[in-house]
Amino acid sequence: MATLSSGKITLRDARRGTTRDVELEPFEMAVHPLHDRSTGRPLTPLTWFETINLCNELSNAEELQPAYTRAGDGRSVTWNTSADGYRLPTGAEWEYACRAGTTSPAYGPLEDIAWTGLDHLEGPQPVVRSENP
Numbered sequence: 001m002a003t004l005s006s007g008k009i010t011l012r013d014a015r016r017g018t019t020r021d022v023e024l025e026p027f028e029m030a031v032h033p034l035h036d037r038s039t040g041r042p043l044t045p046l047t048w049f050e051t052i053n054l055c056n057e058l059s060n061a062e063e064l065q066p067a068y069t070r071a072g073d074g075r076s077v078t079w080n081t082s083a084d085g086y087r088l089p090t091g092a093e094w095e096y097a098c099r100a101g102t103t104s105p106a107y108g109p110l111e112d113i114a115w116t117g118l119d120h121l122e123g124p125q126p127v128v129r130s131e132n133p
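Structure, rendered in structure tokens:
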């Protein structure tokens with residue numbers, strides 16, 4: 001796990017033409033992406049519900065308080081923000097971590113930093129690690 005320091009991030013919504021600032025407290029994030037060792041591709045298909053179940057299982061295994069509670073219908077989920085167990089990052093935390101200390105929404109042309117429909121690829125692609133600019 002890597003500890004990311006507190007900070008502020010400006011989130012932009014290009015479709016709506018809006019921005020909002022989010023203050024972040026320090027948080028931890030795994031530094032090893034989950035991927036298939038034989039192909040180097042991200043694990044799929046893994047639903048959001050399966051992922052939060054995995055977070056809770058990891059928490060229980062380490063005797064931490066699980067972050068998520070699922071209601072009887074299985075589809076309603078409550079996040080206990082004071083729990084010390086594993087959880088998914090918030091959208092702002094994810095973007096803050098992805099920016100890796102940069103201040104702009106992207107550190108290069110989209111075609112250099114992401115797979116897009118223009119690449120005409122089918123299915124998940126191998127995990128690529130780029131140098132921090």
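Letter 24 of the sequence shown, counting from 1, is numbered 24 in UniProt numbering, and no numbers are missing. Virtual Cβ for every residue (Gly too), placed ideally from N, Cα, C.
| request: Could you check if residue 85 is buried or exposed, using at least 16 other CB atoms within 10 Å of its CB as the buried criterion? | output: buried
| query | By Cβ distance, which residues of its chain are closer than 8 angstroms to residue 51, with the 5 residues on each side in sequence left out? | reply | 88
| query | Can you list the alpha helix (DSSP H) stretches of 4 or more residues lying completely in the UniProt domain "Sulfatase-modifying factor enzyme-like" (35 to 111), in chain order? | reply | 48 to 61 and 91 to 99
| query | Run through DSSP, which three-state label would residue 17 get? | reply | Look at residue 17 here: in three-state DSSP terms it is coil, with no helix or strand label.
| Same chain only: Cβ atoms within 6 angstroms of residue 77, ignoring 5 sequence neighbours per side | If we look at residue 77 and ignore the five residues flanking it on each side, its Cβ neighbours are 68 and 70.
| message | Given this structure, state the Cα-to-Cα distance separating residue 6 from residue 30, to the nearest angstrom. | response | 17 angstroms
| request: Just tell me which of 103, 109, 92 and 125 has its CA closest to the CA of residue 22. | output: 92
| said: Cutting at 6 angstroms between CB atoms, please list the residues of its own chain near residue 105, excluding the five before and the five after it. | reply: 12
| Where the beta strand (DSSP E) containing residue 3 begins and where it ends | 2 to 4
| In angstroms, rounded to a whole number, what distance separates the CA positions of residue 18 and residue 117? | 25 angstroms
| task | Quick one: measure Cβ to Cβ for residue 125 and residue 37, integer angstroms, because I've assumed they're closer than 8 angstroms. | result | Their Cβ separation, rounded to whole angstroms, is 15 angstroms, which puts residue 125 and residue 37 out of contact at 8 angstroms.
| request: Taking residue 28 as the reference, give the member of 2, 20 and 8 with the closest Cα. | output: 2
| Delimiting residues of the beta strand (DSSP E) encompassing residue 28 | 27 to 29
| Is residue 7 helix, strand or coil when you go by DSSP? | strand
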